[in-house]
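Everything on this sheet refers to the single structure shown next.
Protein chains in written order, with the working numbering: chain A, 1 to 112; chain B, 1 to 110.
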């Protein structure tokens with residue numbers, strides 16, 4: 001079945017850029033997503049990208065997609081303490097009717 | 001606009017008890033989902049529904065049942081609670097390509 005892989009932890013200094021990486025196996029993925037989960041809260045959709053795009057920018061967030069290598073990344077510029085959270089990569093195929101497949105999440109730790 | 005609402009937020013069950021996790025959405029979305037989240041394991045799909053009267057099993061359906069009598073409501077039922085069902089449960093609905101989540105139900109089975 002489909003698989004989505006992420007590293008479990010990333011530690012960065014406040015003010016630096018954070019880059020969270022994700023790989024997926026489903027070549028029929030149509031949309032790829034980044035969700036943010038703060039402690040005790042649900043998942044908040046941060047951004048998503050259609051599979052025929054290779055980059056999407058939204059304020060401090062930049063998503064890069066390498067479809068050939070099935071690699072997705074999320075770059076957060078000027079990382080702040082409020083960015084501390086777990087970030088989930090997810091993919092869908094077939095319009096998402098049967099749900100999204102999620103990675104295990106990357107815990108972003110901000111050092112002062 | 002409330003979005004996706006789940007109740008209760010927390011619950012402790014004894015082994016063998018039953019309960020229903022409630023989920024309702026006011027966005028008139030057809031597609032709804034139940035996920036469970038275990039530490040370090042990401043989210044696993046339990047059941048989903050593409051519309052009223054239609055439900056399908058996800059990746060981890062055993063021990064759960066669902067119903068979808070209306071577009072708004074998608075309750076998740078545990079008939080005989082087991083410790084392995086200790087988890088955080090998230091309901092979600094989708095419109096187009098965007099999945100919206102509820103705030104979760106933290107369930108402990110002791």
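Just so you know, even glycine gets a beta-carbon here, dropped at the ideal spot from N, CA and C.
Item	Value
Residue ranges of each beta strand (DSSP E) run of no fewer than 3 residues wholly in the region 41 to 73 of chain A, ordered along the chain?	43 to 50, 55 to 58 and 61 to 66
I'd like to know if residue 41(B) contacts chain A, where contact means its C-beta is closer than 9 Å to some C-beta of that chain.	yes
Give the residues of chain A in contact with residue 45(B), contact being defined as C-beta atoms less than 7 Å apart.	99
Check whether the region 86 to 94 of chain A touches the region 64 to 74 of chain B, taking contact to mean three or more Cβ pairs, one atom from each stretch, closer than 8 Å.	no
Taking 8 Å as the threshold, find out whether the region 50 to 67 of chain B comes into contact with the region 14 to 33 of chain A through three or more Cβ pairs.	no
Based on DSSP bridge pairs, tell me the residues matched to residue 99(B).	94(B)
Could you work out which residue in 92(A), 11(A) and 103(A) is closest to residue 50(A) when comparing CA atoms only?	92(A)
Give the straight-line distance between the Cα atoms of residue 21(A) and residue 52(A), rounded to the nearest whole angstrom.	19 Å
Let me check one thing: in DSSP terms, what residues is residue 92(A) bridge-paired to?	31(A)
I'd like to know if the region 76 to 95 of chain B and the region 29 to 38 of chain B are in contact, where contact means that at least 3 CB-CB pairs between them fall below 8 Å.	yes
Assuming residue 21(A) is part of the beta strand (DSSP E), what are its boundary residues?	18 to 24
Which of helix, strand or coil does DSSP assign to residue 82(A)?	helix
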